[in-house]
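Contents: one structure, followed by commentary.
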Amino acid sequence: LDYNDLTVKPTVTIGGKTATVSGNGKNWTASLKMTNDIAEGNLEIRISDYTYYNGMSGLTVTNTTDESTVIFDKTAPVIDGEIEYNSENGVPRNTTWLKEQSVTITAKDNYTASDKIACSYTWILEGDTSAHTYTTGTNGQEIVKNTDTGKYYVQVLYEDLAGNQSTINTDLCYIDNSITLPGRIITY
């Protein structure tokens, strides 16, 4: 509130809900468990009903000392446009048996910048229900598979800064690791 000691605990609301306040003197903490009935977005903070050590009542405060805001984000990241399968001669690569397959997926979020959305992925063989190890990636990264043979899909897990998660599965990609790539003929 300011540098003066308070003698009466303040009332604090966050997003219109009464917060739990603890502390004394110059050090006070307000906390509130976020629930679904609180609207998503910028939350108003209101501090009122407090008294300074000299007996004067404090004014109602609705902004922070550093002009920052509190944002409540409860929406998971979503796919930004289409899943991009690299193509070969105009044919989507995920429908053709190739030695290497790659896919690019980009997510967006209402409150987390694209470069701050965490991304991890794994390639899963069709029909495999076992646990999988995820590889850390970046949002919008080209994800490449060039080992093993079979029909695989990519499962991508996105997480925004608030901890909201979404999982995306691609269509099957056909990978044949036994395909020999054409060599280069050199004539002297």
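Quick note on our numbering: the sequence shown kicks off at 1 and runs consecutively. From the three backbone atoms N, C-alpha and C, an ideal C-beta is built for every residue, glycine too.
Cβ neighbours of residue 62 within its own chain (closer than 7 angstroms, five residues either side excluded): 44, 45, 46. The beta-carbon distance between residue 103 and residue 170, rounded to whole angstroms, is 5 angstroms. This is short enough to meet the 8 angstroms contact definition.
Counting along the chain, no beta strand (DSSP E) covers residue 172, and no H or E run does either. The C-beta separation of residue 83 from residue 117 comes to about 16 angstroms, leaving the pair out of contact by the 8 angstroms criterion.
Beyond the five residues adjoining it in sequence on each side, residue 20 comes within less than 6 angstroms, by CB distance, of 31 in the same chain, given in chain order. Of all C-beta pairs linking the segment 62 to 76 to the segment 127 to 136, fewer than three are shorter than 8 angstroms, placing the two stretches out of contact.
A Cβ-Cβ distance of about 17 angstroms is found for the pair residue 158 and residue 124, leaving them out of contact under the 8 angstroms criterion. The continuous beta strand (DSSP E) containing residue 145 extends over residues 142 to 145.
By the neighbour-count criterion, in which a residue is buried when 16 or more other Cβ atoms sit within 10 angstroms of its Cβ, residue 15 is buried. Look at residue 116 here: in three-state DSSP terms it is helix. DSSP places residue 150 within a strand segment (E or B) once states are collapsed to three. Of the other Cβ atoms in all chains shown, 16 or more fall within 10 Å of the Cβ of residue 139; this residue is therefore buried. The residues 77, 78, 80, 114, in chain order, have a CB closer than 7 angstroms to that of residue 108 in the same chain once the five nearest residues on each side in sequence are set aside.
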